[in-house]
Amino acid sequence: MIICIDVGNSNIKYAVYDGGERKISFRVSTDLKRTSDEYGAQLAEMLNFNSIAAEDITGGIFSSVVPSLDYTIEHMLRVYLHIIPKQIAPGLKTGLRMRADNAHEVGADRIVNNVAAIREYGCGKPMIVVDFGTATTFNILSADGEFIGGVIAPGIKGSLESLVSGTAKLPRVEIEAPKSVIATNTVTNMQAGIVFGFAGLVEFIVRKIKKELRASDVMTIATGGFSETIAKETGCIDVIDKMLTLDGLKYLYDLNSSEESL
199 MIICIDVGNS NIKYAVYDGG ERKISFRVST DLKRTSDEYG AQLAEMLNFN
249 SIAAEDITGG IFSSVVPSLD YTIEHMLRVY LHIIPKQIAP GLKTGLRMRA
299 DNAHEVGADR IVNNVAAIRE YGCGKPMIVV DFGTATTFNI LSADGEFIGG
349 VIAPGIKGSL ESLVSGTAKL PRVEIEAPKS VIATNTVTNM QAGIVFGFAG
399 LVEFIVRKIK KELRASDVMT IATGGFSETI AKETGCIDVI DKMLTLDGLK
449 YLYDLNSSEE SL
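Structure representation (structure tokens):
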């Protein structure tokens, strides 16, 4: 079995694969103060709950956009699973061709998402991969599977937190679409602004990207925690794939393992 871990600014996502089958997946809150032992205890508890023995996990890979946690996660995997994990970093084979000014600036999660999108949905047409995470990122792939650029916008949860913390009377609300954009109370007013506002942001940016690409036949893939919520309010999302990053990590683990065996 192989463990794949996506370390994000808000959450850490885990998945365990047995061959091509995803056995379990779960997420925990990202906490910079948590030690490798604390993360290890969490992981051991989840594996035990799902009847997976630690010794059955023979390899692992992780991507991280939180550099201060890289050692913590690596050490945790060495101690609790007795594996030396691969990491999405320079030197790891991805097969992704990049046209960015500085490829080292592109986040590990974006690289994994792009690779996974090409593998899962590559069909000879341009693609836009939208990730609704701590930031809302748009990755643009050419019809030939080359990363040609992107957009980074504020994240949904962070925008809501900013709204609440910057005002004296606005409450924290669930991020879900109200029945009408013409809202009649404070909670639905805020929900309308967040959900429909981000839906409008996505539609406008996707439309601008298509215009610059001079292509109308573009596949748009959404991933991340709020992908379903926002995609339902737009007409520009073709596929929702919440497991895109973790599935991409498994593919990259297999790719680099086969390279090492040559």
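The number in the working numbering is simply the position in the sequence shown, starting from 1, with 198 added.
Quick reminder that beta carbons are idealized off the backbone N, C-alpha and C, glycines included.
Out of Ser340, Lys211, Phe394 and Phe260, state which residue places its alpha-carbon closest to the alpha-carbon of Gly433.
Reading the sequence shown from its first residue, position 235 is the one you call residue 433. Checking every option, the nearest Cα to that of Gly433 belongs to Phe394.
List, from N- to C-terminal side, the alpha helix (DSSP H) runs of 4 residues or more that fit wholly inside the segment 220 to 255.
Within the segment 220 to 255, the runs of alpha helix (DSSP H) at least 4 residues long that lie entirely inside it are, in chain order, 234 to 247.
At the level of alpha carbons, what is the spacing between Phe345 and Met296?
If you number the sequence shown from 1, residue 345 lands on position 147. If you number the sequence shown from 1, residue 296 lands on position 98. So the alpha carbons of these two residues sit roughly 5 Å apart.
Does the structure place the segment 388 to 406 close enough to the segment 279 to 299 that three or more beta carbon pairs sit under 8 Å?
The segment 279 to 299 is not in contact with the segment 388 to 406.
Within this structure, are the beta carbons of Pro352 and Ala375 separated by less than 8 Å?
Reading the sequence shown from its first residue, position 154 is the one you call residue 352. Reading the sequence shown from its first residue, position 177 is the one you call residue 375. Pairing Pro352 with Ala375 gives a Cβ-Cβ distance that is not under 8 Å.
With a threshold of 7 Å on Cβ separation, who are the neighbours of Asp415 within its own chain once the five nearest residues in sequence on each side are excluded?
Residue mapping note: residue 415 aligns to position 217 of the sequence shown, counting from 1. Contacts found: Lys323.
Give the single residue among Val226, Gly257 and Gly305 whose Cα lies nearest to the Cα of Val264.
Here residue 264 corresponds to residue number 66 of the sequence shown, with the count starting at 1. A check of alpha carbon separations from Val264 across Val226, Gly257 and Gly305 identifies Gly305 as the nearest.
Just list the residues that DSSP pairs Cys202 with in beta bridges.
Position 4 of the sequence shown, counted from the first residue, corresponds to residue 202. Answer by DSSP bridge pairing, in chain order: Ala213 and Ile259.
Limits of the beta strand (DSSP E) - the one that Thr270 falls within
Reading the sequence shown from its first residue, position 72 is the one you call residue 270. Per DSSP, Thr270 belongs to no beta strand (DSSP E); it is in the alpha helix (DSSP H), Asp268 to Tyr278.
Note down the Cα distance separating Arg232 from Ser357, rounded to an integer number of angstroms.
Within the sequence shown, residue 232 is the residue found at index 34, counting from 1. Within the sequence shown, residue 357 is the residue found at index 159, counting from 1. When rounded, the distance between both Cα atoms is 25 Å.
Kindly list the residues whose CB is nearer than 7 Å to the CB of Ile309, restricted to its own chain and excluding five residues on each side of it in sequence; keep chain order.
As a working mapping, residue 309 is identified with position 111 in the sequence shown. Counting only Cβ-Cβ distances below 7 Å, and skipping sequence neighbours, we find Ile286, Thr292 and Leu294.
Could you say which of Leu267, Ser234 and Asp436 lies nearest to Tyr319 if we only look at CA atoms?
Position 121 of the sequence shown, counting from 1, holds the residue named residue 319. Relative to Tyr319, the option among Leu267, Ser234 and Asp436 whose CA is nearest is Asp436.
Report, in whole angstroms, the separation of the C-beta atoms of Ser340 and Val277, which I expect to be a contact under 8 Å.
Against the sequence shown, residue 340 aligns to sequence position 142. Against the sequence shown, residue 277 aligns to sequence position 79. Contact between Ser340 and Val277 is absent: CB atoms are separated by about 43 Å, not below the 8 Å threshold.
Could you give the first and the last residue of the continuous alpha helix (DSSP H) run that contains Met388?
For this step, residue 388 is matched to residue 190 along the sequence shown. Per DSSP, Met388 belongs to the alpha helix (DSSP H) from Thr384 to Gln389.
For Ser308, the three-state DSSP class (helix, strand or coil):
What you label residue 308 is simply residue 110 of the sequence shown in a count that begins at 1. Note on residue identity: the sequence assigns Arg, not Ser, to residue 308. In the three-state reduction of the DSSP assignment, Arg308 falls in the helix class.
Evaluate Ser455 with the Cβ neighbour count: other Cβ atoms within 10 Å of its Cβ, from every protein chain shown; 16 or more gives buried, anything less gives exposed.
Stepping through the sequence shown from its first residue, residue 455 is reached at position 257. Looking at its Cβ environment, which holds fewer than 16 other Cβ atoms inside 10 Å, Ser455 is exposed.
Please classify Ile271 as buried or exposed, where buried requires at least 16 neighbouring CB atoms within 10 angstroms.
Here the question's residue 271 lines up with position 73 in the sequence shown. Per the 10 Å Cβ criterion, buried.
For Leu460, which residues from the same chain have a beta carbon less than 6 Å from its beta carbon, with the 5 sequence-adjacent residues on both sides left out?
Here residue 460 refers to the residue found at position 262 when the sequence shown is read from its first residue. Reliability of the predicted coordinates at Leu460 is poor, the pLDDT of 49 falling under 50, and no value is obtained from them.
Enumerate in chain order the residues of its own chain whose CB-to-CB distance from Tyr449 is below 8 Å, with the five nearest sequence positions on each side excluded.
Here residue 449 refers to the residue found at position 251 when the sequence shown is read from its first residue. If the five residues before and after Tyr449 are omitted, its C-beta is found closer than 8 Å to the C-beta atoms of Val313, Ala314 and Arg317, all from its own chain and listed in chain order.
Only counting runs of 3 or more residues, tell me where the beta strand (DSSP E) segments fall wholly within the segment 376 to 427, in order along the chain.
The qualifying runs are 417 to 421.
Boundaries (first-last residue) of the alpha helix (DSSP H) holding Ile282
Here residue 282 refers to the residue found at position 84 when the sequence shown is read from its first residue. Careful: Ile282 lies outside any alpha helix (DSSP H) and carries neither H nor E.
Please report how far the alpha carbon of Thr421 lies from the alpha carbon of Thr335, in whole angstroms.
For the purposes of this step, residue 421 is taken as residue 223 along the sequence shown, with counting starting at 1. For the purposes of this step, residue 335 is taken as residue 137 along the sequence shown, with counting starting at 1. If you draw a straight line from the Cα of Thr421 to the Cα of Thr335, it is about 10 Å long.
Restricting to Cα atoms, I'd like to know which of Lys409, Ala413 and Val404 is closest to Ile419.
Here residue 419 refers to the residue found at position 221 when the sequence shown is read from its first residue. That would be Val404, whose Cα lies nearest to the Cα of Ile419.
Roughly how many whole angstroms lie between the Cα atoms of Ile338 and Val349?
Translated into positions along the sequence shown, residue 338 becomes position 140. Translated into positions along the sequence shown, residue 349 becomes position 151. Each residue's Cα considered, the two are about 9 Å apart.
CA-to-CA distance, Thr228 to Val214, given in whole angstroms:
The residue you call residue 214 lines up with position 16 of the sequence shown. The residue you call residue 228 lines up with position 30 of the sequence shown. Cα to Cα, the separation comes out at about 19 Å.
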